[in-house]
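Visitor:
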Amino acid sequence: MNIAITGTGFMGAVHAEALKRLHLNVIGIHGSSPKKSLSASAELSIPRAYEDYQKLISDPDVDAVHITTPNRHHFPMAMAALEAGKHVLCEKPLAMTSSESATLAKLASSKELAAGVNYNIRFYPLCLETRHRLKTGTLGDVHSIMGSYAQDWLLYETDYNWRVLAEEGGKLRAIADIGTHLLDLVQSMTGLKVTEILADLHTIHPTRQRPQGEVQTFTSAQGETQSVPIETEDLGTLLLRFDNGAKGSLFVSQATAGRKNCLRYEIAGRQGSVAWNSEEPNVLWLGHRDKPNETLVKDPFITSAEASSFTAYPGGHAEGFPDTFKMCFRAFYDYIAAGDFTAPHSFPTFEDGHREIVLCEAVLKSHEEERWVQV
Ligand SMILES: NC(=O)c1ccc[n+]([C@@H]2O[C@H](COP(=O)([O-])OP(=O)(O)OC[C@H]3O[C@@H](n4cnc5c(N)ncnc54)[C@H](O)[C@@H]3O)[C@@H](O)[C@H]2O)c1
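Once you know that position 313 of the sequence shown is 993 in our numbering, the rest is easy, because the numbers rise by one and skip nothing.
And the structure:
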């Protein structure tokens, strides 16, 4: 397999590193200008630097494309790559609207190609362990799901990134950017689907300071700035109803001081509960009513085959954020290598990506109309 990456920011480098750790062949990179393609090619030791995206997708040596550009480019880039016969691994969110994501999911299903969306958090070993325990009924029927995803990198008015603009990232920001990781995770682990949503969103900064030029993710504005109006939310609360009658509440914020990248869930069933925190990803809390609670430390000799097959290191050797990319990509490329494009997927697909956009639109509608919205 020969792989090319578009996007040279935070995610471009993370994808390149994860692919190289899998000993996959990253042959080319494309940035927002020929100069950026060249500098990324040198920095990341990737041989080919594409002048434009057309050159990337018309390169006959490229088998698969990783899309790591800002959200508004995902739809046209993924469409063009699929039409050129390339496998596509796209960053989340898959597109800006559900009509775009539906078109992509439909096109992907008509091709003998793999099409994945990078909901990488699914691949923390202890999230796979949670999934296994829920699937095998150890915790009993799920009746409630509590979760949050909090960061602080957009706390100040001077914190700026393309994501804060609706035209670059979409009308929904915190929920679409990080909340969809949480929504995807709880649904993929429990096998339940969200059927109704009540959302309450809040924008702390109605204006932000935009610096000249680009600002890389997780950095602050420097030098001269210009005040720009902001319509996307900094935080939001969701009440959820699931298809088995379970209830959920999720809180998402990009402005909670001290929380750097903290996704937490607590899922309760009739026999027990389970809780996890992405800032301590190698520990899983197991809650019991009639015996002492337990903590399970990641260890492939103790966890289920579902978790241990995506665990690279023995117990006591911490695994984290970069490993989830490696494992998500391993699932994607193993699927391609197996060559059966009708087989069940072990990675998040364009269908999953489409479902997240549908949920985002329901969140926005619920907030605007101040009512429960069916999905
Ligand atoms: N899965 C995850 O954990 C995760 C984490 C962060 C971001 N993301 C997603 O990854 C994507 C990129 O986010 P990021 O944080 O890396 O942003 P970023 O701003 O750090 O990087 C985006 C890069 O894309 C480049 N770019 C802009 N327009 C381009 C174009 N037309 N062609 C080629 N390159 C172009 C920019 O120059 C920049 O280098 C977003 O969709 C985001 O939602 C996913």
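Each residue gets a CB set at the ideal place from its N, CA and C atoms; glycine is no exception.
So, using beta-carbon positions, are Thr1022 and Pro805 closer together than 9 Å?
Guide: As a first step, residue 1022 must be located in the sequence shown, where it is residue number 342. As a first step, residue 805 must be located in the sequence shown, where it is residue number 125. Cβ atoms of Thr1022 and Pro805: not closer than 9 Å.
Visitor: How about Asp741 and Asn682: are their beta carbons less than 9 Å apart?
Guide: Working through the sequence shown from its first residue, we reach residue 741 at position 61. Working through the sequence shown from its first residue, we reach residue 682 at position 2. Taking 9 Å as the Cβ cut-off, Asp741 and Asn682 qualify as a contacting pair.
Visitor: Count the CB pairs spanning the segment 812 to 830 and the segment 935 to 948 that are closer than 8 Å, and state whether there are at least three.
Guide: Touching, yes, given that three or more Cβ pairs across the two stretches are closer than 8 Å.
Visitor: Quick one: which unbroken alpha helix (DSSP H) runs of 4-plus residues sit fully inside the segment 740 to 768? Chain order, please.
Guide: For the segment 740 to 768, whole alpha helix (DSSP H) runs of length 4 or above, ordered along the chain, are 754 to 763.
Visitor: Of the choices Tyr799, Thr870, Ala854 and Val866, whose alpha-carbon is the least far from that of Thr882?
Guide: Along the sequence shown, one-based indexing puts residue 882 at 202. Sequence inspection shows His at residue 882; the Thr mentioned does not correspond to that position. His882 has its Cα closest to that of Ala854, out of Tyr799, Thr870, Ala854 and Val866.
Visitor: Can you give the Cα-Cα distance for His754 and Arg969, rounded to whole angstroms?
Guide: Working through the sequence shown from its first residue, we reach residue 754 at position 74. Working through the sequence shown from its first residue, we reach residue 969 at position 289. Taking the straight line joining both Cα atoms gives about 46 Å.
Visitor: Please tell me whether, using a cut-off of 8 Å, the distance from the CB of Ile855 to the nearest non-hydrogen atom of ligand 3 is below it.
Guide: Looking for ligand 3 in the displayed structure turns up nothing; the ligands present are ligand 1.
Visitor: Buried or exposed: where does Ala1018 fall if 16 or more other Cβ atoms within 10 Å of its Cβ makes it buried?
Guide: Numbered from its first residue, the sequence shown carries residue 1018 at position 338. Ala1018 comes out exposed.
Visitor: Around the Cβ of Phe1001, are there at least 16 other Cβ atoms within 10 angstroms (buried) or fewer (exposed)?
Guide: For the purposes of this step, residue 1001 is identified with residue 321 of the sequence shown, where counting begins at 1. It counts as exposed.
Visitor: My assumption, with CB atoms under 8 Å, is that Val918 sits in contact with Ala948. Please give the rounded CB distance.
Guide: Locating residue 918 in the sequence shown gives position 238, where the first residue counts as 1. Locating residue 948 in the sequence shown gives position 268, where the first residue counts as 1. The question names Val, yet the displayed sequence has Leu at residue 918. With 8 Å as the limit, Leu918 and Ala948 do not qualify as a contact, their Cβ atoms being about 17 Å apart.
Visitor: Say yes only if the C-beta of Phe1009 is nearer than 8 Å to one or more non-hydrogen atoms of ligand 1, and no if none qualify.
Guide: Here residue 1009 corresponds to residue number 329 of the sequence shown, with the count starting at 1. Incorrect: Phe1009 has no Cβ contact closer than 8 Å to ligand 1.
Visitor: Using CA coordinates, which residue listed in Glu913, Pro756, Gly925 and His710 is at the minimum distance from Ala846?
Guide: Residue numbering aside, residue 846 sits at position 166 when the sequence shown is read from its first letter. Checking every option, the nearest Cα to that of Ala846 belongs to Glu913.
Visitor: Below 8 Å on the Cβ atoms is my contact criterion, and I expect Asn751 with Met776 to pass it. Report the Cβ-Cβ distance as a whole number of Å.
Guide: By 1-based counting over the sequence shown, the position of residue 751 is 71. By 1-based counting over the sequence shown, the position of residue 776 is 96. Right, their Cβ atoms sit about 6 Å apart.
Visitor: Just reading off the beta strand (DSSP E) that Ser953 is part of, what are its end residues?
Guide: Along the sequence shown, read from residue 1 onward, the residue named residue 953 stands at position 273. It spans Ser953 to Asn957 - the beta strand (DSSP E) in which Ser953 sits, taken as one unbroken run.
Visitor: Between Lys927 and Ser824, is the Cβ-Cβ spacing less than 9 Å?
Guide: Working through the sequence shown from its first residue, we reach residue 927 at position 247. Working through the sequence shown from its first residue, we reach residue 824 at position 144. Yes.
Visitor: What residues are listed by DSSP as bridge partners for Pro660?
Guide: The shown model of the chain, from 681 to 1055, leaves out residue 660, and the question about it has no answer.
Visitor: Compare the C-beta of Val706 with all C-beta atoms of chain B and state if any pair is closer than 9 Å.
Guide: The chain inventory of the structure shown lacks chain B, comprising one protein chain alone.
Visitor: By how many angstroms is the C-alpha of Glu974 removed from the C-alpha of His767?
Guide: Indexing the sequence shown from 1 puts residue 767 at position 87. Indexing the sequence shown from 1 puts residue 974 at position 294. Going from the Cα of His767 to the Cα of Glu974 covers about 42 Å.
Visitor: Give me the Cβ distance between Pro773 and Cys1008, rounded to the nearest whole Å; I'm assuming they're in contact under 8 Å.
Guide: Here residue 773 corresponds to residue number 93 of the sequence shown, with the count starting at 1. Here residue 1008 corresponds to residue number 328 of the sequence shown, with the count starting at 1. Rounded, the Cβ-Cβ distance is 16 Å, inconsistent with contact.
Visitor: Is Tyr733 a contact residue of ligand 1, with contact defined as CB to any heavy atom under 8 Å?
Guide: Translated into positions along the sequence shown, residue 733 becomes position 53. Yes, since a heavy atom of ligand 1 falls inside the 8 Å radius drawn around the Cβ of Tyr733.
Visitor: Anyone know if the C-beta pair for Glu999 and Lys978 falls short of 9 Å?
Guide: Position 319 of the sequence shown holds residue 999. Position 298 of the sequence shown holds residue 978. Against a cut-off of 9 Å, the Cβ pair of Lys978 and Glu999 comes out as a contact.
Visitor: For Leu769, which of Gly996, Gly687, Ala744 and Tyr993 has the nearest alpha-carbon?
Guide: Reading the sequence shown from its first residue, position 89 is the one you call residue 769. Residue Ala744 is the option with its Cα nearest to Leu769.
Visitor: Taking 8 Å as the cut-off, is the CB of His1034 close to at least one heavy atom of ligand 1?
Guide: Locating residue 1034 in the sequence shown gives position 354, where the first residue counts as 1. Checking every heavy atom of ligand 1 against the Cβ of His1034, none is found closer than 8 Å.
Visitor: As a quick exercise: from Val822, Leu736 and Thr748, pick the residue whose alpha carbon is nearest that of Ala760.
Guide: Position 80 of the sequence shown, counted from the first residue, corresponds to residue 760. It is Leu736 whose Cα lies nearest to the Cα of Ala760.
Visitor: Is the CB-CB distance between Ala937 and Tyr945 below 9 Å?
Guide: Taking the sequence shown and counting its residues from 1, the one referred to as residue 937 is at position 257. Taking the sequence shown and counting its residues from 1, the one referred to as residue 945 is at position 265. No.
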